[in-house]
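Chemist:
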Amino acid sequence: MESTPSQPRDTWGSKLTFILAAAGSAIGLGNIWAFPTNTAANGGAAFVLVYLICVIFIGAPVMLAEFTIGRSARRNPVGAFKMLAPGTSWKILGGLGVATGVIILSFYAVIAGWTVAYILKCMVGTFKPGVDTLAIFEGMSGNPLSAIGYLLVFMALSVYVVVGGVRDGIERWTKVLMPILLILLVLLGIRAVTLSGAKEGLAFYLKPDFSLINLKVVLAAAGQAFFSLSLGMGTMITYGSYIAKRDNLVSSTLWVGGLDTAIAILAGLIIFPTLFHAGLGLQEGGPGMVFVVLTSLLGEMPPAPIGGIIFGTGFFLLLGIAAITSSVSLLEVGVAYIVDEKRISRKKAGLMLGGMAFVLGIPSALGNGAVSWLTDLPGIGKDFLSFLFVVFGQYSLAIGAMLISIFVGWKWGVKAASAEVESEGNVFRFRRIWSFLVRFLCPITLAVILINMLWGVITG
Ligand code: PHE
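The opening position of the sequence shown corresponds to residue 18 in this note's numbering, with each subsequent residue numbered one higher.
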């Protein structure tokens with residue numbers, strides 16, 4: 018997909034290929050790792066409810082906005098803002114996206130590295146009934162050598178996919194693999210909800226306690242929506258730049274958003290019943306919670322012990338692949354920018370940014386038991402990885418999404434954006450609602466939340 022602004026840009030082979038690629042970016046650790054982790058930290062069902070509202074009213078409109086920018090400009094995010102708003106500072110927003118992508122990738126690859134480790138552990142039958150899955154997790158994440166080693170392995174894989182020309186192959190494979198992941202999730206979910214103690218977990222997950230909703234929960238939910246849908250940093254601008262003019266952007270948005278949300282909800286249905294069944298604490302293991310909980314379910318998969326081995330190996334393998342298609346998209350924003358604007362080769366750009374993300378990832382890798390001050394940052398009360406996740410995976414994406422909606426709503430204009438959606442005779446369903454959402458609801462809600470959060474930080 019190499020191209021320069023002067024050449025006609027490649028487009029996706031078909032609409033299905035595009036939806037798969039965009040869904041590949043969206044579906045990943047955000048659904049299966051971050052969503053349950055955030056739900057646990059923010060009170061359960063109340064968070065889930067706010068999350069769904071955010072996806073529908075803020076996430077989906079912003080996704081459509083990103084697609085229109087990308088397809089109209091046919092450039093990377095920095096170049097797109099330069100082209101649609103020449104001579105203005107809007108291009109800085111593209112730069113913010115490039116930086117955010119590299120930083121998110123730095124910790125994303127740490128967690129994805131754990132999935133690599135877990136493929137191996139499952140294959141050798143580590144997760145027998147009754148094993149201490151927390152101790153197993155801590156044994157891996159607390160060892161500096163393996164923590165950094167798995168990070169390196171995953172980062173190298175991502176760079177290889179971005180620069181090695183195997184991307185098309187991966188995308189073809191995801192057509193087959195993602196449905197299998199879905200089936201595995203459903204089977205694990207069925208086992209989870211039939212465990213003893215599942216009821217308690219389901220209540221925590223599905224019965225909202227409205228008194229728990231506050232600004233922090235709303236921001237976390239909005240941030241989670243952007244993270245999970247790959248919004249607010251130009252990923253969908255970049256992917257949108259390869260969409261053919263004849264494709265309908267509204268239905269693409271609905272497909273990508275719907276698939277992504279379905280997988281997240283399913284992940285929670287597995288995690289919470291199992292967590293309560295196993296008698297684990299909600300915060301147990303911090304960023305490792307999902308790994309600790311999921312593997313405790315493996316011992317319950319029939320027929321023992323083969324069931325656990327098959328389900329475990331299959332699950333972590335597919336999760337690793339889902340994570341690769343996401344990490345590739347995190348890297349792609351910066352790579353597309355450097356290739357388009359700086360005329361540096363794809364290979365050099367990928368190696369450079371991947372190398373940066375690897376170095377930046379080291380403290381996140383060491384902050385899960387290997388180095389104590391990184392595990393419990395003084396004055397912050399979080400590990401380094403969780404800290405980066407909140408600042409860049411949530412705040413930075415929320416700021417980016419707010420500015421993108423202001424850009425489309427007020428600078429470039431909903432008229433121009435709508436014309437883009439309607440190109441080649443496409444019908445723009447929801448046009449008026451969408452215009453209202455990007456002009457008013459998205460920017461105002463996000464501004465109110467962010468200002469309040471900032472105020473809270475300033476006034477302590
Ligand atoms: N959406 C991806 C996931 O859920 C992560 C991601 C965030 C990818 C932002 C690109 C941009 O795993």
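Every residue, glycine too, gets a C-beta built ideally from N, C-alpha and C.
Quick one: what does DSSP say Leu315 is sitting in, helix, strand or coil?
Modeler: helix
Chemist: Tyr68 lies in the alpha helix (DSSP H); which residues open and close that run?
Modeler: Here the alpha helix (DSSP H) through Tyr68 covers Ala62 to Cys71.
Chemist: Across the region 108-128 and the region 176-185, are there enough close Cβ pairs to call them in contact, namely three or more that are closer than 8 Å?
Modeler: no
Chemist: Which whole-angstrom value describes the C-beta separation of Leu370 and Val119, a residue pair presumed to lie in contact below a C-beta threshold of 8 Å?
Modeler: 6 Å
Chemist: Enumerate, from N- to C-terminal direction, the unbroken alpha helix (DSSP H) stretches of 4 or more residues contained entirely within the region 149-173.
Modeler: 150-158
Chemist: For Tyr135, tell me which candidate among Thr312, Ala220, Leu377 and Ala43 has the shortest Cα-Cα distance.
Modeler: Thr312
Chemist: Measure how close the beta-carbons of Asn48 and Ala237 come, nearest whole angstrom, since I'm counting them as under 8 Å.
Modeler: At roughly 15 Å, the Cβ-Cβ gap does not stay under 8 Å, so Asn48 and Ala237 are not in contact.
Chemist: If you draw a straight line from the C-alpha of Trp451 to the C-alpha of Phe35, how long is it?
Modeler: 22 Å
Chemist: Sorry if obvious, but does the Cβ on Phe244 come closer than 7 Å to a heavy atom of the ligand PHE?
Modeler: yes
Chemist: Grab the span of the alpha helix (DSSP H) containing Asn55 for me, first residue to last.
Modeler: Phe52 to Ala58
Chemist: Take Leu46 and list the residues in its own chain whose beta-carbon comes closer than 6 Å to its own, dropping the five residues that flank it on each side.
Modeler: Ile128 and Ala340
Chemist: Tell me the DSSP secondary structure of Asn48 in three-state form.
Modeler: Residue state, collapsed to three classes: helix.
Chemist: Rounded to whole angstroms, what's the CA-CA distance from Met253 to Pro320? Just pull it up for me.
Modeler: Between the C-alpha atoms of Met253 and Pro320 there is a straight-line separation of about 42 Å.
Chemist: Is Val444 helix, strand or coil by DSSP?
Modeler: coil
Chemist: What's the call for Asp149, buried or exposed, on a 16-neighbour Cβ count within 10 Å?
Modeler: exposed
Chemist: For Thr252, verify whether its CB is less than 7 Å away from any heavy atom of the ligand PHE.
Modeler: Using a cutoff of 7 Å, the CB of Thr252 counts as near the ligand PHE, since one of the ligand's heavy atoms is closer than that.
Chemist: From what residue to what residue does the alpha helix (DSSP H) around Ala238 run?
Modeler: Leu232 to Leu246
Chemist: Going by DSSP in three states, Val119 sits in which element: helix, strand or coil?
Modeler: helix
Chemist: Beta carbon of Ile120: closer than 7 Å to some heavy atom of the ligand PHE?
Modeler: Ile120 has its Cβ no nearer than 7 Å to any heavy atom of the ligand PHE.
Chemist: Need the endpoints of the alpha helix (DSSP H) that Ala220 sits in, please.
Modeler: Run containing Ala220: Ala215 to Leu223, per the alpha helix (DSSP H) assignment.
Chemist: Would you kindly work out how many angstroms separate the C-alpha atoms of Arg189 and Leu37, rounded to a whole number?
Modeler: 9 Å
Chemist: Please list the terminal residues of the continuous alpha helix (DSSP H) segment that includes Leu368.
Modeler: Unbroken alpha helix (DSSP H) run through Leu368: Arg363 to Leu383.
Chemist: Gly367 and Val180 - do their beta-carbons sit closer together than 8 Å?
Modeler: yes
Chemist: Let me know the secondary structure DSSP gives Gly30 once reduced to three states.
Modeler: coil
Chemist: Within 10 Å of its beta-carbon, does Thr21 have 16 or more other beta-carbons around it, so buried, or fewer, so exposed?
Modeler: Confidence in Thr21 is poor, its pLDDT being 46 and thus under 50, which makes the residue's placement unreliable; the coordinate value appears in the next sentence. Per the 10 Å Cβ criterion, exposed.
Chemist: Nearest to Gly239 by alpha carbon, out of Phe328, Gly473 and Ala464?
Modeler: Before going on, a small fix: residue 239 reads as Ala here, not Gly. Ranking the options by Cα distance to Ala239, first place goes to Ala464.
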